[in-house]
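Heads up: the protein sequence lines correspond to chains A, B and C, in order.
Quick note: the first sequence, position 196, residue 195 per numbering that gives the first Met the number 0, numbers continuous.
Quick note: the second sequence, position 212, residue 211 per numbering that gives the first Met the number 0, numbers continuous.
Quick note: the third sequence, position 79, residue 78 per numbering that gives the first Met the number 0, numbers continuous.
For glycine and all other residues, C-beta sits at the position ideal for the given N, C-alpha and C.
What follows is a set of notes on a single structure, which appears directly below.
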Amino acid sequence: MDKVQIWGETLRLIVELSATAAFALAGVIEAARKRLDAVGVCVVGFLTAFGGGTLRDLLLDQRPFFWVQHVEMLWGVLGLCVLAMAFLRHRHFELTERAIQVPDALGLGLFAATGTHQALLLDLPGIVAVLMGVITGVFGGVLRDVVCNQIPAAFHGHRPYTVCAFAGGWVYVGLWQVAAPGWVALLACVGVTAGLRWLALWRDWELPAWKP
Amino acid sequence: MDKVQIWGETLRLIVELSATAAFALAGVIEAARKRLDAVGVCVVGFLTAFGGGTLRDLLLDQRPFFWVQHVEMLWGVLGLCVLAMAFLRHRHFELTERAIQVPDALGLGLFAATGTHQALLLDLPGIVAVLMGVITGVFGGVLRDVVCNQIPAAFHGHRPYTVCAFAGGWVYVGLWQVAAPGWVALLACVGVTAGLRWLALWRDWELPAWKP
Amino acid sequence: MDKVQIWGETLRLIVELSATAAFALAGVIEAARKRLDAVGVCVVGFLTAFGGGTLRDLLLDQRPFFWVQHVEMLWGVLGLCVLAMAFLRHRHFELTERAIQVPDALGLGLFAATGTHQALLLDLPGIVAVLMGVITGVFGGVLRDVVCNQIPAAFHGHRPYTVCAFAGGWVYVGLWQVAAPGWVALLACVGVTAGLRWLALWRDWELPAWKP
């Protein structure tokens, strides 16, 4: 591998790890708000971090799961949950939630790209591939909210989140179909997803409300 | 194919499509009641329409999913959700719910038959086949209610719904075991399921209450 | 088979059946508390009894499910649910819940051992095997609570439950890696899991609270 490629791989790995950590932290914070016990905090952290990708692999019938191939991610998230319980206090929650918005948005884009990519490799149609991308990025949080007994924030928040991944997924599919190089499609998907998400947060965009 | 067969196929397709639409609409209405945002409305519509069949295919390890083979159904449900958000108003909800009872009951029977059939094809025992039929017909609504953070209506409503599919499934299994032609078993299963369901609605039947 | 082995097999079967019954009863009682109808009571009984093992088999891509191979267990749980609805009354609930603590703790250990064993057979890493054991033992109850629209007791109760299965799973993995005979590993896993669980109940142990 030449130098640029190594750089690219390293960057990708950093984004993936920090996004997984961001997802796990979002789960830990939600679990703490619901006053789960120590076990519940760890389980919800795991579900949020790995739930989306696992559901995608289940639907696409892919084995082994990514967290079976990279067992160190399991240990990492477990360690993160324990550290969070040791050091994170209520007054840090809001700050942490703001801090993880950056890796979270990047991760949403990266996971959307990964999910879409895997489905395209299996020759699935465009819309199915995009759905798999969305599921990878979003359903960790959905499972977290189901276990925490609340309506998933992704479907209730009126702040664009899922649609960003949806748009990014279509960008990936489009670039794939014109046979663009993989890193271009990846970058474009992450850029569009995270860009839209940041715009939505920055400009206070809201989904058009349906008042039936 | 002779003329009768083509007629039968067309009829079956009409029932399947209208039932899928009925399920999606039931999801959209529930999502609206819970004040989900536009994304949530679509996701819950998808879950309700495709959740049961997808869970059945997951359990039976069947790939590709039916909505991967018929991608136009995904587009159709997406379009339906958008149309519903554009034109459906609160005052239409009750009317719509009454109107979809007919395709919903027919669909419950058809989905029960399809699920039972697929399991029997895999040489699974009768009770497993019936369970797969029930799951196909009922678990879309269960997933909808789990995501909408309420106890599933199918387990809570005291109005027979799941049992109708259960009865229809056994009819299918019985006719299969005496090697009746497929269309007879299908018709009988749909007839028994939908018939019981309509009787239950019409005569205000309630499941025997357990007051422990 | 010599006499000891037959004895061992019989004992194992007794523990497995009584644990499944205990799980189903726990589901039935929860469903009654939430005032589900007769269908809901049976479904929640099934989910609690078979949900954990089914999720494990889904994740490990194992078919057929154990309840497809042993269809009589489905009939048994169905019969148990009907019997419970016929004879169980509110005033029996607390007594029943205390009575099922013994088979429940034994079953938690046995299911943890089974899940861990299956994953080790597939050459999965230790932590993944332990997770599969935990999922087998705990996720039936989690699914029950999700359907009953409450935060899973396993994550909220502050009484050690999941951690007992976690500890027992590691014992199994350790003994497997030193190539101890299967029945030793099984006994040790059940002993550690159930022993810890009973100690926790008897001594009123609580998980360290995280008050963030």
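Secondary structure at TYR160(A): coil, using DSSP grouped into helix, strand and coil.
Note that the C-beta distance between VAL42(C) and PHE154(B) is below 7 angstroms. Setting aside the 5 residues that flank it on each side, PRO63(C) has no residue in the same chain whose C-beta is closer than 6 angstroms to its C-beta. If you draw a 10 Å sphere on the C-beta of TRP209(A), you find 16 or more other C-beta atoms in it, and that means buried. Where ASP144(A) is concerned, the enclosing alpha helix (DSSP H) starts and stops at 125-146. With contacts defined as CB atoms closer than 7 angstroms, THR19(C) and GLY139(C) fail to qualify as a contacting pair.
Taking 7 angstroms as the threshold, the shortest C-beta distance from VAL38(C) to chain B falls below it. By the neighbour-count definition (other C-beta atoms within 10 Å, threshold 16), GLN176(B) is an exposed residue. Distances from the CA of ALA118(B) to each of GLY75(B), ALA85(B), LEU58(B), LEU109(B) were compared; the closest alpha carbon is that of LEU58(B).
The beta carbon of LYS33(C) sits closer than 6 angstroms to those of CYS147, all from its chain and outside the five residues before and after it, given in chain order. Remark: C-beta atoms of GLY190(C) and GLY168(C) do not approach each other more closely than 7 angstroms. Under the criterion of beta carbons closer than 8 angstroms, VAL129(A) and THR115(A) qualify as touching, at roughly 6 angstroms. For MET131(A), no CB of chain C lies under 7 angstroms from its own CB, so it is not counted at the interface with that chain.
Listed in chain order, the non-local C-beta contacts of GLY52(A) below 8 angstroms within the same chain comprise PHE64, PHE65, TRP66, PHE110, THR113, GLY114, THR135, GLY139, local neighbours out to five positions each way being set aside. Inter-residue distance for GLU29(C) and LEU185(A) is about 47 angstroms (C-alpha atoms, whole angstroms). Any Cβ of chain A closer than 7 angstroms to the Cβ of HIS157(B) would place that residue at the interface, and such an atom is absent. Taking a Cβ-Cβ cut-off of 8 angstroms, the neighbours of ASP60(C) in chain A comprise ASP60, ARG62, given in sequence order.
Within the segment 18-34 of chain C, the residues whose Cβ lies closer than 8 angstroms to some Cβ of chain B are ALA30, ALA31, LYS33, ARG34, listed in chain order. Residue contact check for ARG88(C) against chain B: a CB pair falls below 7 angstroms. Here the C-alpha atom of VAL14(B) lies approximately 10 angstroms from the C-alpha atom of GLY108(B). Measuring C-alpha to C-alpha distances from THR192(A) to each of ARG90(A), VAL40(A), LEU82(A), LEU105(A) identifies LEU105(A) as the nearest. TRP197(C) and PHE86(B) have their alpha carbons spaced roughly 59 angstroms apart. Approximately 4 angstroms separates the beta-carbon atoms of VAL172(B) and GLY125(B); this is inside 8 angstroms, confirming the contact. Annotated three-state conformation of PHE64(C) is coil, per DSSP. Taking the beta carbon of VAL177(C) as reference, no residue of chain B falls within 9 angstroms; the closest one sits roughly 35 angstroms away. Beta-carbon to beta-carbon, LEU12(B) and ILE99(B) are separated by about 18 angstroms, too far to satisfy the 8 angstroms threshold. Comparing alpha-carbon positions, the option among LEU77(B), VAL137(B), CYS80(B), LEU206(B) lying closest to THR161(B) turns out to be VAL137(B).
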